[in-house]
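Chains as they are written, first to last, in the working numbering: chain D, 664 to 773; chain Y, -13 to 102. Cβ atoms here follow ideal geometry from the backbone N, Cα and C, with glycine treated the same way.
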Amino acid sequence: EDQVTQSPEALRLQEGESSSLNCSYTVSGLRGLFWYRQDPGKGPEFLFTLYSAGEEKEKERLKATLTKKESFLHITAPKPEDSATYLCAVRTSGTYKYIFGTGTRLKVLA
Amino acid sequence: NAGVTQTPKFQVLKTGQSMTLQCAQDMNHNSMYWYRQDPGMGLRLIYYSASEGTTDKGEVPNGYNVSRLNKREFSLRLESAAPSQTSVYFCASSEGVLGTAQETQYFGPGTRLLVL
């Protein structure tokens, strides 16, 4: 069964304290891995798409990487405004269906 | 551009009542999706429409119906609401070209539904 697991469930960081969020997956054929940010009471906001192992994408303090079994979202010197829930999702071969993880709730303290 | 809009923002229903959740996008996207989000669970796909005129079941379609009214609009109907359908519902859209940046999904603000 295709599955996406995110860890940790929740993470508290001090402002400036870098860390990484993990998204591990077991799917029959990965065709894309997606990272989203979700603020309370809002819809998910797209961050990155990764298609192949070794690929990396960066945006401001965020950097996403992909291996054959997992993806990491690295947050460098986070600020309080980076506080949100970060979701990852995968798409498998030949389908429009996307499987989402349960997310990591990030809190950055000033 | 408003992006993806959803109505209503919040709704309370009694068990057995029916309602339709509306979704519209102004990005000329081909594909549209309905998800539900429950505490402790990831977003789960209810139905999707890869292109105008087509709809397909997702992971949790039971108790729901959809209509792709035109390229812009994709509605979700609950014929006889049940407490288990209490959730936050998100609509999303994408240009729909798999394997490219155009498959990125853009989400609406959500509809919070409470079934008593």
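| Query | Result |
| --- | --- |
| Taking Cβ-Cβ distances shorter than 8 Å, what residues in chain D pair up with residue 92/Y? | 709 |
| At which residue ranges does the segment 700 to 768 of chain D contain complete beta strand (DSSP E) runs of 3 or more residues, listed in the order of the chain? | 708 to 713, 719 to 722, 725 to 729, 733 to 738, 747 to 755 and 761 to 763 |
| In chain order, what residues of the segment 23 to 37 of chain Y put their CB closer than 8 Å to some CB of chain D? | 26, 27, 28, 29, 30, 31, 34 and 36 |
| What span of residues does the beta strand (DSSP E) with residue 52/Y cover, start to end? | 50 to 54 |
| Could you please give the first and the last residue of the uninterrupted beta strand (DSSP E) stretch that includes residue 79/Y? | 73 to 80 |
| Is there a Cβ of chain Y sitting closer than 9 Å to that of residue 775/D, yes or no? | Limits of chain D in this structure are 664 at one end and 773 at the other, which puts residue 775/D out of reach. |
| Of all the options 33/Y, 66/Y, 74/Y and 81/Y, which has the alpha carbon lying nearest to the alpha carbon of residue 0/Y? | 66/Y |
| Which of the three DSSP states is assigned to residue 87/Y in this structure? | helix |
| Hey, out of 75/Y, 5/Y, 49/Y and 16/Y, whose CA is closest to residue 35/Y's CA? | 16/Y |
| For residue 752/D and chain Y, any beta-carbon pair shorter than 9 Å? | yes |
| Does residue 749/D get closer than 9 Å to chain Y when you measure Cβ to Cβ? | no |
| Around the C-beta of residue 774/D, are 16 or more other C-beta atoms found within 10 angstroms, so that it is buried, or is it exposed? | Any property of residue 774/D remains undetermined from this structure, which presents chain D solely from 664 to 773. |
| Which two residues bound the contiguous beta strand (DSSP E) that contains residue 67/Y? | No beta strand (DSSP E) contains residue 67/Y, which DSSP labels as neither H nor E. |
| Could you tell me the alpha carbon to alpha carbon distance between residue 85/Y and residue 744/D, rounded to whole angstroms? | 31 Å |
| Tell me the rounded alpha-carbon separation between residue 40/Y and residue 93/Y. | 20 Å |
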